[in-house]
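Laid out in structure tokens, this is it:
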């Protein structure tokens, strides 16, 4: 494995570097894995202009809103709010 760090050689013990790498993968798995498996982000055909960034923002909004309302499983949370698509998503955002 290769990595770049600004830690000194004393700070960059193998244990510390391992912790840093694992914490990065936690972030990667928590967000990007969900965006790809639940929303199919890697298979998206939206590739030009600001479309990819805008869609990523909307996906993050959906994920974070569902998590704030106690949904640990994002796919299940999306199914739950889709049962009443004209009311439940707006309720999550506190929009009457």
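In my numbering, the protein residues as written are 1298 to 1393.
For glycine and all other residues, C-beta sits at the position ideal for the given N, C-alpha and C.
- Taken through DSSP and simplified to helix, strand or coil, residue 1346 comes out as coil.
- A check of alpha carbon separations from residue 1356 across 1375, 1367, 1345 identifies 1375 as the nearest.
- Judged by their CB atoms, residue 1389 and residue 1378 are nearer to each other than the 8 Å cut-off.
- Inter-segment contact for the segment 1355-1374 and the segment 1316-1336 is present: three or more beta-carbon pairs are separated by less than 8 Å.
- Residue 1386: member of the alpha helix (DSSP H) spanning 1385-1389, first to last residue.
- According to the DSSP assignment, residue 1375 belongs to the alpha helix (DSSP H) that extends over 1371-1379.
- Secondary structure of residue 1366 (DSSP, three-state): coil.
- If you draw a straight line from the Cα of residue 1317 to the Cα of residue 1299, it is about 13 Å long.
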